[in-house]
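Structure first, commentary second.
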Amino acid sequence: MVKNFFEELIVGTFALIVGIIVLIGLYHGLPPIL
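Going by our numbering, the first residue of the sequence shown is number 1, and it counts up by one from there.
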């Protein structure tokens, strides 16, 4: 249960960071650098 919770937390955090990078890239009109 705890292991699954941390896995979901890591995936959620990673998705959030990627989303922020994409939003910054779109805001500046440049393709996001991944």
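Virtual Cβ for every residue (Gly too), placed ideally from N, Cα, C.
Length of the line joining the Cα atoms of residue i and residue j
i	j	result
Glu7	Ile20	20 Å
Leu26	Ala15	16 Å
Ile10	Ile24	21 Å
Ile12	Lys3	The question names Ile, yet the displayed sequence has Gly at residue 12. Spanning the two alpha carbons is a distance of roughly 14 Å.
Phe5	His28	35 Å
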